[in-house]
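Student: Protein sequences appear in the order of chains A and B.
Be aware that the first sequence starts at 30, since it is given in our numbering, and climbs by one per residue.
Be aware that the second sequence starts at 34, since it is given in our numbering, and climbs by one per residue.
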Amino acid sequence: MKELIKKLSESFGPAGCENNVRSLISDEVKKLNFEHYVDTLGSLIVKVGSKGKQRIIIAAHMDEIGLMVTFIDENGFLRFTNIGGVLTSTLPGTKVLFQNGTVGVIGQEKIKEPKELDFSKLYIDIGASNRDEALEKVKIGHTAVFMPAFHQEGNRITSKSLDDRIGCFVLLEVLKRLPSSLPNRLYFVFTVQEEVGLRGAKTASYRLKPDYGLAVDVTRVGDTPEPDFKMVVSLGKGPAVKIKDSSVICHSRVVNLMIETAEKNQIPYQLEVLEQGGTDAGSIHLSREGVPSGVLSVPCRYIHTPAEMVDLEDVENSISLLVELCKTSW
Amino acid sequence: MDLNSFLDELTQKDGVSGYEENTADFIAEAFSPFVDDTRTDNLGNLIFLKKGKSEHGPRVLICAHMDEIGLMITKIEDKGFLRFTSLGGFDPRTLPGQEVRIYGKKIVEGIIGFKPPHIYNENEKDKGVEMNDLFIDTGFSREVVEGLIRPGSTVAIKRSFITLMHNCRAGKALDDRAGVAVLLQCAKELANLAHEAHVYLVATVQEEVGTRGAVVSTYGLSPDLGIAVDVCHGDFPGALDHEVSPLGKGPVITAGPNIHPHMAERLTTVAEEYCLPYQKDVSPGPTGTDARAIQISLGGIPTGLLSVPLRYMHTSVELVDMQDIKIAGRLLAYFIMRLESGFVEGLSCL
Chain A
30 MKELIKKLSE
40 SFGPAGCENN
50 VRSLISDEVK
60 KLNFEHYVDT
70 LGSLIVKVGS
80 KGKQRIIIAA
90 HMDEIGLMVT
100 FIDENGFLRF
110 TNIGGVLTST
120 LPGTKVLFQN
130 GTVGVIGQEK
140 IKEPKELDFS
150 KLYIDIGASN
160 RDEALEKVKI
170 GHTAVFMPAF
180 HQEGNRITSK
190 SLDDRIGCFV
200 LLEVLKRLPS
210 SLPNRLYFVF
220 TVQEEVGLRG
230 AKTASYRLKP
240 DYGLAVDVTR
250 VGDTPEPDFK
260 MVVSLGKGPA
270 VKIKDSSVIC
280 HSRVVNLMIE
290 TAEKNQIPYQ
300 LEVLEQGGTD
310 AGSIHLSREG
320 VPSGVLSVPC
330 RYIHTPAEMV
340 DLEDVENSIS
350 LLVELCKTSW
Chain B
34 MDLNSFLDEL
44 TQKDGVSGYE
54 ENTADFIAEA
64 FSPFVDDTRT
74 DNLGNLIFLK
84 KGKSEHGPRV
94 LICAHMDEIG
104 LMITKIEDKG
114 FLRFTSLGGF
124 DPRTLPGQEV
134 RIYGKKIVEG
144 IIGFKPPHIY
154 NENEKDKGVE
164 MNDLFIDTGF
174 SREVVEGLIR
184 PGSTVAIKRS
194 FITLMHNCRA
204 GKALDDRAGV
214 AVLLQCAKEL
224 ANLAHEAHVY
234 LVATVQEEVG
244 TRGAVVSTYG
254 LSPDLGIAVD
264 VCHGDFPGAL
274 DHEVSPLGKG
284 PVITAGPNIH
294 PHMAERLTTV
304 AEEYCLPYQK
314 DVSPGPTGTD
324 ARAIQISLGG
334 IPTGLLSVPL
344 RYMHTSVELV
354 DMQDIKIAGR
364 LLAYFIMRLE
374 SGFVEGLSCL
């Protein structure tokens, strides 16, 4: 279990450049003999079951936040912009990795006040002494992600991009555990470009015309010292059933089904009201004539930092809940 | 049911964004005598069809949103006080002192409390009101509250419908139940008019959280043209003339990039011809209404926007003039009566 999570989360895949993650996932899917294909934007779609009544999309996103090079100065320093919700406060002193293996560190110009810290005051140093030397390794438009540094401590793991590789892992594990006969036609979708506006899920759900949608993603928690928001989700207390976030008000039919299924199977769960943030369900539920949708969230601390943290027991319970949901009539 | 009683009862129905069922049931009943078909789509949009006499007549979408801004419980504190977030754009300054209804296992009454000025400390005197500092008090202990309410329980403001002078009415959720009343008036007028067009009157959901109901209902109906009916800012002391439209001077026809020029022009012409008072307004970008979503649905839908002036938007004392509502409904009905396929074909020639 741990090996695959480590491989997935350490894989390189900023939004728009998810090919490494996709190959990793499609290798796993191939072992399981499910029909699968890649859509126009790059999302990987896995078809499960062909007889069921309802068509259900179950989505987790492959992409992660990252940085993109915009300018290389004559001394070889790289200027960059953000891909998705990168927090400037996490950047100074952080190591980043490019797809070709080039490593950089993020430096910061002199500032007087913390609030002056924005992308224009930051640069990436790859050790080049001038522009030409830098250009041998990195071009404008190349992207970088946080340097992988997976670590496990008891039940807790930290890594970059657990948002949402942990969701991808949950989907892969569920695929392994599904019985051969299912009441629904399931489409497991590993989406692209979630971090830049839920884009892969938008085109995938347009194509698949689902009756229901379920996103599997991470959510914030309220169990750390002085959290940003007063919310009740804690690490280690089970998967969260989302009620709403900025992108979706989850459909009551889906929410109730998730709660009933968890209670019937004695799987611990929490209720999540997220004040900021969105998931693929935001796109799915607005597809075509509207798709009743919900979200199964894995509680996660320090989202969008180099060290996101989840609890493996929550991951296991998320897998169990999703397996049961796949076996249920919607 | 007359328009006044309709709006009175309608504003007593709680229907915060995403949870509009109670509101929808009431609206469906009120509209049923005047329409040929009623259905609800996947997200809860309530869709009425008033058939036209020509089978191939134009298909018109007219919508007003039935959701209201509301609150949602995020956390139950130790002593049973409830923390919340907003569904839609509540200004936290308007919340202290409000009565609320919480939709838990049953409906629980509560109030939004606030620290009295006597015990402010120095820093708090000049501080604004933040949602994070506010809480709901139900009077119950944590144990009782936890049995009834959970994170995710929705909260609606409680406020009776207030009759004021000169046709004025105040209350909650008139943004955009006033628009729904316009649709009802339109349906009533159409009962006595001959029209070719097939009219889809839609009470949309989730407008206040991003015009979500209009996104899916427009896609589903694929109309030839669409009109959103919403509210705009009425006049009051301190507002600048160019930001507001006076109450009692008729509905407001909007122009701008969100609006097809022929739609604004035709609404204006119809108002002129039937001597209906109207006002004009411009909006430089996508409007904050369902019109924003309708226009960019499918391959693009020619869109119009008609608004009822309303004072104190997003408070519990939103104030409208009933006469503006009635005239807006009549204007839409005459617009529909005059709608012929030639006009619809002309919409694609700019």
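A virtual CB, placed ideally from N, CA and C, is assigned to each residue, including glycine.
Does any residue of chain B bring its CB to less than 7 Å from the CB of lysine 259 (chain A)?
Tutor: yes
Student: Using the beta-carbon of each residue, which ones in chain B are nearer than 7 Å to leucine 341 (chain A)?
Tutor: Under the 7 Å cutoff, chain B gives no residues; its nearest Cβ is about 24 Å from leucine 341 (chain A).
Student: Helix or strand or just coil, what does DSSP make of methionine 370 (chain B)?
Tutor: helix
Student: Give the residues of chain B in contact with lysine 273 (chain A), contact being defined as C-beta atoms less than 8 Å apart.
Tutor: Gly51, Met105, Leu120, Gly185
Student: Quick one: residues in its chain with C-beta nearer than 8 Å to the C-beta of proline 317 (chain B), no 5 flanking neighbours on either side, listed in chain order?
Tutor: Gly289, Pro290
Student: With a Cβ-Cβ cutoff of 7 Å, do leucine 215 (chain A) and valine 77 (chain A) count as a contact?
Tutor: yes
Student: Taking 6 Å as the limit between beta carbons, can you name the residues of its chain near arginine 210 (chain B), skipping five residues before and five after?
Tutor: Cβ contact annotation for arginine 210 (chain B) (same chain, cutoff 6 Å, sequence separation greater than five): Leu43, Thr44, in chain order.
Student: Return helix, strand or coil for asparagine 55 (chain B), following the three-state DSSP convention.
Tutor: helix
Student: For the 8 Å Cβ check, are there 3 or more pairs between the region 73-93 of chain A and the region 233-242 of chain A?
Tutor: yes
Student: Going by CA-CA distance only, name the one from B:Leu223, B:Leu273, B:Pro270, B:Thr320 that's closest to leucine 364 (chain B).
Tutor: B:Leu223
Student: Using a Cβ cut-off of 9 Å, which residues of the region 215-247 of chain A contact any Cβ in chain B, in chain order?
Tutor: Asp240
Student: So within the region 159-227 of chain B, which uninterrupted beta strand (DSSP E) runs reach at least 3 residues, ignoring any that extend past its ends?
Tutor: 187-190, 201-204
Student: Ignore the nearest five residues each way along the sequence and tell me which others in isoleucine 169 (chain A)'s own chain have a CB closer than 8 Å to its CB.
Tutor: Val98, Thr99, Phe100, Ile101
Student: Distance, Cα to Cα, glutamate 57 (chain A) vs arginine 249 (chain A)?
Tutor: Their Cα atoms are separated by approximately 28 Å.
Student: Listed from N- to C-terminal order along the chain, which residues in the region 250-263 of chain B have their beta-carbon within a distance smaller than 7 Å of any beta-carbon of chain A?
Tutor: Tyr252, Gly253
Student: Considering only the alpha carbon of each residue, which of B:Pro319, B:Cys201, B:Asp100 lies closest to lysine 359 (chain B)?
Tutor: It is B:Cys201.
Student: Rounded to the nearest angstrom, what separates leucine 343 (chain B) and lysine 221 (chain B) at their Cα positions?
Tutor: 23 Å
Student: Can you tell me whether glycine 253 (chain B) is buried or exposed, with buried defined as 16 or more other CB within 10 angstroms of its CB?
Tutor: Buried, since its Cβ has 16 or more Cβ neighbours within 10 Å.
Student: On the three-pair Cβ rule with 8 Å, is the region 323-343 of chain A touching the region 247-261 of chain A?
Tutor: yes
Student: By the criterion of Cβ-Cβ separation under 8 Å, what are the contact partners of lysine 108 (chain B) in chain A?
Tutor: Per Cβ cutoff of 8 Å: Gly251, Lys259, Met260, Val261.
Student: Express the C-alpha separation of lysine 150 (chain A) and glutamate 142 (chain A) in angstroms, rounding to a whole number.
Tutor: 12 Å
Student: Quick check on this structure: which residue in B:Phe39, B:Asn75, B:Gln356 has the alpha carbon closest to the alpha carbon of serine 316 (chain A)?
Tutor: Distance check between serine 316 (chain A) and each of B:Phe39, B:Asn75, B:Gln356 places B:Asn75 closest, using alpha-carbon atoms only.
Student: List in chain order: all unbroken alpha helix (DSSP H) runs of 4+ residues lying wholly within the region 89-113 of chain B.
Tutor: none
Student: Between arginine 84 (chain A) and chain B, is there a C-beta pair that is closer than 7 Å?
Tutor: no
Student: Checking the sheet assignment: what are the DSSP bridge partners for aspartate 70 (chain B)?
Tutor: B:Leu82
Student: Sort A:Lys189, A:Asn213, A:His90 by Cα distance to glycine 81 (chain A) and report the nearest one.
Tutor: A:Asn213
Student: In this structure, what does DSSP give as the bridge partners for alanine 178 (chain A)?
Tutor: Paired residue(s): none; alanine 178 (chain A) is not in a bridge.
Student: Note down, one range per segment and in chain order, each alpha helix (DSSP H) of at least 4 residues found wholly within the region 302-352 of chain B.
Tutor: 324-328
Student: I'd like to know if the region 256-269 of chain B and the region 327-346 of chain B are in contact, where contact means that at least 3 CB-CB pairs between them fall below 8 Å.
Tutor: yes
Student: With the cut-off set at 7 Å, would you say valine 221 (chain A) and leucine 70 (chain A) are in Cβ contact?
Tutor: Yes. Within cutoff.
Student: Taking its Cβ as the centre, do 16 or more other Cβ atoms sit within 10 Å of leucine 115 (chain B), making it buried, or is it exposed?
Tutor: Leucine 115 (chain B) is buried by the Cβ-count criterion.
Student: Count the other CB atoms within 10 Å of the CB of lysine 144 (chain A); is the residue buried (16 or more) or exposed (fewer)?
Tutor: exposed
Student: Just to confirm, are proline 321 (chain A) and histidine 280 (chain A) a CB contact at a threshold of 7 Å?
Tutor: yes
Student: Identify which residue in B:Ala366, B:Ala324, B:Ala189 has its Cα closest to the Cα of glutamate 240 (chain B).
Tutor: B:Ala324
Student: Among the residues of its own chain, which have a CB less than 7 Å from the CB of phenylalanine 368 (chain B), if the five just before and after it don't count?
Tutor: Arg299, Leu300, Val303
Student: Cβ of isoleucine 288 (chain A) less than 7 Å from any chain B Cβ?
Tutor: no
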